[in-house]
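Asks: After the structure tokens below, expect a handful of questions from me.
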Amino acid sequence: MFDYLLPTTVAEACGYLAAHPQAQPLLGGTDLLVQLRNGKRQADCLVDLKAIPELAGITATDDGGVALGARVTLNEILASPLVAERYPVLTDALRRVAAYPVRNRATLAGNLVNASPAADSAPPLLVLDAAVELSGPAGSRTVPLAEFFLGPGRTALQPGEILTKVLIPGTFATWPGAYGRQARRRALDLAIVGVAVLGGPPRPGGPVSWRLAACAVAPTPVRLRAAEAELGAGLPDDARLLRAAALAAAEVHPLSDVRSSEEYRRAMVELHLRRTVQAVRQQLEG
Amino acid sequence: MHKTITLKVNGSLETVSVPADRRLLAFLREDLQLTGVKRGCGEGECGTCVVLLDGEPVNSCLMLAVEADGREITTVEGLAPSGRLHPLQEAFIRHHGVQCGFCTPGMLLSATALLQRSPHPSDEEILTALEGNLCRCTGYTQILAAIRDVADSRTT
Amino acid sequence: MAHRLIGQDVARVDALEKVTGAARYIEDLVLPGTLVARVLRSPKAHALIRRLDTRRAREVPGVRAVITGPDFPFHVGIYMVDQTIFALERVRYVGEPVAAVAATTAEAAEQALRLIEVEYEDLPALLDVEEAARPDAPLIHPGIGDYPHAGYIHPRANSNVANHFKVRKGDTAAAMAQAVHVIENRFRVPQVQHVPLETHGVIARQDPAGRITVWSSAQSPFTVRSLLANCFGTKLQDIRVIAPYVGGGFGCKAGINLEPIAVALATRTGGRPVKLIASREEETYAIVVRQGLRAHIKTGLDQSGRILAEEIEYLWDCGAYAGYGVNIVRASGYTLAGAYDIPNLHGDSLGIYTNRPVGSAYRGFGMQEIHWAVEQQMDLCARAAGLDPLQFRLLNGWRAGSTTTTGQVVTAGTGRLDLCLEAVAAEIGWHDPPAQDTRPLLPGRRRAKGIACAVKAPAMPNNAGSGATIRFNEDGTCFLLFSGMEIGQGVGTVLAQIAAETLGIGMDQVKVMGLPDTDYSPYEWQTVASRITWSDGNAVRAAARDCLTQIQTIASQVFDVAPDEIAVDGRLVVDQRNRKALPLERFVHGYARPDGTVIGGIVSSCSTFVPQDIIHLDPETGQSPKPVASWTLGAQAVEVEVDVGTGELTILKVAAAYDAGQVINRGTALGQLYGGVVQGLSAGVLEELVLDGTGRTLNPSLTDYKIATVRDIPQQTVGLFVETPQEDGPFGARGIGEHTMIPTPAAIANAVHEATGVRIRSLPLSTENVFLALRAAGVKE
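Residue numbers (this note's numbering), protein chains in the order written: chain A, 1 to 286; chain B, 287 to 442; chain C, 443 to 1223.
So, in structure tokens, the structure goes:
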């Protein structure tokens, strides 16, 4: 049993959340309502953020990046030409989340706040250096996504604070990128491993740098720093790529669970990193 | 902790008081007796409870009834309001896209929304539209044939 | 003779209700005053109940009944009476019912469940079938020696062996000694779940006279009635079972499951109905699952590749109770070696109690599981003999004159395995290299083809019967009544076709009155075993013939010709000699002569079909010249792409052929075939019920128990039918419903082996399992 509130401003929402310690913010509800059903989370009140106008919309930012309001659903992002043009790595990941009807409700912000180690949206946003805007009783602050995840289900959100925007800087706009993913089934399944690869900038013959991140291989989504270092600058040859992939498999800390063994997760990090870098390399080679 | 909501369901305006924690699925089935909406899993993993929310498919088990305030809901009962079958309903019959029938309402609604947004869908678009609707009986083949038939026979 | 309706693609009679949402399933039924029921289930795999206290639960406002084992110490069991409605003294699996509550709201019922106090004393849990089969294993059912059971079930006292079926044919030891090649292998199948999209549900109500009415998502309403009567000690006439549409059964809704709990509650609620609907989690592990199997096969071949002898042991994981499982043990015994002609056989099929979820019937009744073993073994034998797998099967497979496992002689009318094999081989291009034209091969991918056969007979009591009623209305239309359950297969449509074809009338003149009510509908044993088209079809054909004869008898007097010169043609009765016709409606409720006198009465028939010629199996040798009603044979060939990098399989094509005898409805037959192939491939590549070390299911919901989505199906499936008439089938038809899912996993495994050289002996062929097997074998991209 819980109550339902529908604030129309961020301040009102934060006020409710601060006043009700057992309240939960509600966006798409696709994780939250399942957790409430299964007793994995309790709430005496759901504070629905979807009537707050300033949380809507996908907008181009002055620095050539994109700001995504917390209300924006995954299918809205997938339908956005702006996001597709600037951040193909993100659309490549989001189109594999859950299934079409779920993506009509699920939000990017919700996916991040849920802080599942297997969140598909996190690796692409990590390689894009995204940040999240958090608003609370004490005002607004911007936190790099890399500092937002603290552990499974745990984030930097303070009591009374909500995630209002996802901010992707213009730094890596239009960089080729792709998302490699392994699941048990071809649709409507959680990632066993997800690997985001970003390579660029896309200038023929110019210098190239690589940015890599993975999910479902550690308590939080992580950058793959050792593999990035091995790839170095430029287009790696296959030998270097194999070394980088092996380093990625070594630097992650996956668990064995009902979805996959640790051994398979490590192997899939290696495999998908290699294949995804190859795919991006091919794009860079034009 | 009841809330009064106003929504349009299958074309009819309804103003009702619902408990805040009532799922849209339970509201449609139990309060409005729209039992064409099926409960299969309760956690968005099977698609039997899919309904259209302002024309787009959503899992009604993953939504609260209060979240539908001011919105328009279509269930399978709303596909043939005048008794004249929707072309997809006719095609499901013609192609044997129906066996036990439990996935059928959700399948039809997902397919209806697909043809609304993309009258001539690619195979990939059809798979995307149906990937959240499980079927244990048909093996999907005759369902796909039914949708393809309607899409291909459209003149616009 | 050409048929008007038989073999045609006739639209389903139930489709309109289903596409409009009008079709009602159990959860859709609402009776005034209904109470909500919830079940308290054991969290322990094996324990003694030391204390059970329901006092606090009874005090929850809204609670109307709280019941436990001692309140209803009644026994259930279809083949072996080894179970009680609620655990008594001992729980034997996680999920076993311990108590139940009926309340005015779900919240009150759930609150009451939380207040029931149970203290358990742990016992060692036997979660591995081989461990449970050891002679010194702790007993899961200390009373096993005293349980009443069917005569053809053979439990072993003081053991966990719930059934032991023996096959002793020829002299296997001597023949094995003569063999040039001896091939020996072990195979495994895990427990899996049926995953009907509709979970089990039941509503029960007791009237003031004590009579019970049950609405149930049941495949077998008459068997629900008889098992409930046995359980509660009532007469059959005191129980009424009504079955609405069933949202997928696949075997799990055969027999009784939730019904006794709801009935027990309904006897304590002062006449208020009690509704009990399973959650998806309860559905997954707490009701029934498919049994696990360990198979051990040793085959001896001669120089030419003919099978001389085979030794087989099947170790079935029955779970905590015998359920249908012990009869699967028997069915897999008399189908021991699959569709192969083997003169010397030594087989033991053993059903073992474990502390796992209860095994039960699942589409195929053990056949997919044993074919997983047999059909891979045949490929391994072919290789040893230097023969192509297709050639090996054509050499050793059943043909006229072969003998089956039980010594039955195969005749031309049994069905044609060879034609099925040749059909799928032609369709898949068996002798051609894997197709590269449709999609070029990416790095790390390999393609190959595999093939497997299927055989199955209905597993049922020898006298399993079907009834059918046809009643003509005054306007020349008729009602067709039967109790084969519409569980998705299209039973009403094919039975209407059989009735209309036989009577000479149109489909629009036959109104199907399926969805049985045991008070008013004709008897039907169970909707299982792919037997309804055949068995109900025979009953319907008999009723239709009877009605036709009545019409002909009346009309022969009207037209003054012989009865056999009268035909029905839609809405007309035709005198074929004189080419005269009169409206059918004038003949079906007494023909009124001009003088006012009447010929005949209301045309109607209540007919039955009961097989007459099935002979019991010998308990020591498993031999019988006719142990089953019929066999259905088939084959599947698949083309598979293996991603060596990930272990992921892509099924490029499936060609499936079955000897259906006579296809009644091409659309529904193909629907069974496509659906069976995908359900087969889902078990083949995705499914496994995973338990932890305490017997708790780790994937109890669809989040982690995965079945095939639309993206997982074969890129192409071609269904083919061979039609060798079944002598005692309606228009020559025999069942195919289950057979379509039997060979798929084995065919895929054979293709994976062909592609990679790696033989995977344990299901499922999940991406991870394939990857790890390839890695262990050193296969790389």
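For every residue, glycine included, the Cβ atom is placed at its ideal position computed from N, Cα and C. Everything numeric in this text was worked out from a predicted model, so none of it was measured.
Compare the C-beta of LEU33/A against all C-beta atoms of chain B and say whether one is closer than 7 Å.
Replies: Closer than 7 Å: yes.
Asks: Could you name the residues of the same chain whose beta carbon sits closer than 6 Å to that of VAL436/B, not counting the 5 residues immediately before and after it, in chain order?
Replies: PRO373, LEU374 and ALA377
Asks: Can you tell me whether DSSP reads LYS677/C as helix, strand or coil?
Replies: coil
Asks: Quick one: Cα of PHE664/C to Cα of GLY675/C, how far?
Replies: 16 Å
Asks: Excluding the 5 residues preceding and the 5 following THR853/C in the sequence, name in chain order all residues of the same chain whose CB lies nearer than 6 Å to its CB.
Replies: Apart from the 5 residues on each side of it in sequence, THR853/C sits with its Cβ closer than 6 Å to the Cβ of ALA842 in its chain, given in chain order.
Asks: State the beta-bridge partners of GLY194/A as determined by DSSP.
Replies: GLY194/A pairs with ARG181/A and CYS215/A.
Asks: Helix, strand or coil: which one does DSSP assign to VAL771/C?
Replies: helix
Asks: Check the Cβ of GLN352/B against every Cβ in chain A and list those closer than 7 Å, keeping chain order.
Replies: Reading off the sequence shown, one finds Val at residue 352/B, where the question assumed Gln. Within 7 Å Cβ-Cβ: TYR4.
Asks: What does DSSP give as the partner residues of ASN345/B in its beta bridges?
Replies: Looking at the DSSP assignment, ASN345/B forms a beta bridge with VAL336/B.
Asks: Please tell me whether PRO88/A has its Cβ less than 7 Å away from any Cβ of chain B.
Replies: no
Asks: Could you run through the segment 1093-1107 of chain C and flag, in chain order, every residue whose CB is less than 7 Å away from some CB of chain A?
Replies: none
Asks: Restricting to Cα atoms, I'd like to know which of MET949/C, ILE893/C, HIS1181/C and ILE1056/C is closest to LYS1095/C.
Replies: ILE893/C
Asks: By the 7 Å beta-carbon criterion, what residues does the segment 383-397 of chain B contribute toward chain A?
Replies: SER396
Asks: Got a sec: which bits of the segment 1195-1220 of chain C sit with their beta carbon under 8 Å from any beta carbon on chain A, in order along the chain?
Replies: SER1208, THR1209, GLU1210, PHE1213, LEU1214 and ARG1217
Asks: Buried or exposed: PRO958/C, going by 16 or more other Cβ atoms within 10 Å of its Cβ?
Replies: It is buried - the Cβ of PRO958/C has at least 16 other Cβ atoms within 10 Å.
Asks: Run through DSSP, which three-state label would ASP959/C get?
Replies: strand
Asks: Rounded to whole angstroms, what is the Cα-Cα separation between VAL337/B and ALA246/A?
Replies: 46 Å
Asks: By DSSP's criteria, LEU482/C is part of a beta bridge. Which residues make up the other side?
Replies: ALA541/C
Asks: So ALA942/C packs on ARG380/B, CB below 8 Å; how close in whole Å?
Replies: The beta-carbon distance between ALA942/C and ARG380/B, rounded to whole angstroms, is 19 Å. This is too long to meet the 8 Å contact definition.
Asks: On the DSSP letters alone, give me the boundaries of the alpha helix (DSSP H) that SER1046/C sits inside.
Replies: If you look at SER1046/C, you'll find it isn't in any alpha helix (DSSP H); it sits in the beta strand (DSSP E) that goes 1046-1051.
Asks: Please decide whether SER116/A counts as near chain F, where near means a Cβ-Cβ distance under 7 Å.
Replies: Absence of chain F from the displayed structure is noted, the protein chains being A, B and C.
Asks: Tell me whether the beta-carbon of LYS289/B lies closer than 7 Å to the beta-carbon of VAL352/B.
Replies: Taking 7 Å as the Cβ cut-off, LYS289/B and VAL352/B qualify as a contacting pair.
Asks: Does LEU1059/C get closer than 7 Å to chain B when you measure Cβ to Cβ?
Replies: no
Asks: Spell out the partners DSSP gives PHE149/A in its beta bridges.
Replies: THR155/A
Asks: With a threshold of 7 Å between beta-carbons, can LYS1148/C be considered close to chain A, or not?
Replies: yes
Asks: Based on the DSSP output, what are the partners of GLY909/C in its beta bridges?
Replies: DSSP output for GLY909/C lists THR1050/C as bridge partner(s).
Asks: Under 9 Å, CB to CB, which of the residues in the segment 93-109 of chain A have a partner in chain B?
Replies: Within the segment 93-109 of chain A, ARG95, ALA98, ALA99, TYR100, PRO101, VAL102, ARG103, ASN104, ARG105 and ALA106 place their CB atoms closer than 9 Å to a CB of chain B, listed in sequence order.
Asks: Under 8 Å, with one C-beta from each stretch per pair, do the segment 594-605 of chain C and the segment 721-728 of chain C reach the 3-pair mark?
Replies: no
Asks: With PHE607/C as the anchor, note down where its alpha helix (DSSP H) starts and where it stops.
Replies: No alpha helix (DSSP H) contains PHE607/C, which is instead part of the beta strand (DSSP E) from 603-611.
Asks: Can at least three beta-carbon pairs, one atom from the segment 413-433 of chain B and one from the segment 492-509 of chain C, be found at a separation below 8 Å?
Replies: no
Asks: Based on DSSP bridge pairs, tell me the residues matched to SER209/A.
Replies: GLY200/A
Asks: If I measure Cβ to Cβ from GLU1062/C and keep anything under 8 Å in the same chain, skipping five residues before and after, which residues do I get?
Replies: LYS608 and ARG610
Asks: I want to verify the contact list: residues of chain C whose CB lies under 8 Å from the CB of SER256/A, in sequence order.
Replies: Ordered by position in chain C, no residue passes the 8 Å Cβ test against SER256/A, which lies about 11 Å from the chain.
Asks: Quick check on the DSSP output: what are the complete beta strand (DSSP E) runs of length 3 or more inside the segment 1100-1172 of chain C, in order along the chain?
Replies: 1159-1164
Asks: Which whole-angstrom value is the C-beta distance of LEU1205/C and ALA1077/C, which I expect to be below 8 Å?
Replies: Contact doesn't hold; Cβ gap of about 20 Å is too wide.
Asks: So, at 6 Å on beta carbons, what are the nonlocal neighbours of ALA684/C in its own chain, with the 5 sequence-adjacent residues on each side left out?
Replies: The amino acid occupying residue 684/C in the given sequence is Ile; Ala does not appear at that position. Only TRP657 and ASP959 meet the Cβ criterion.
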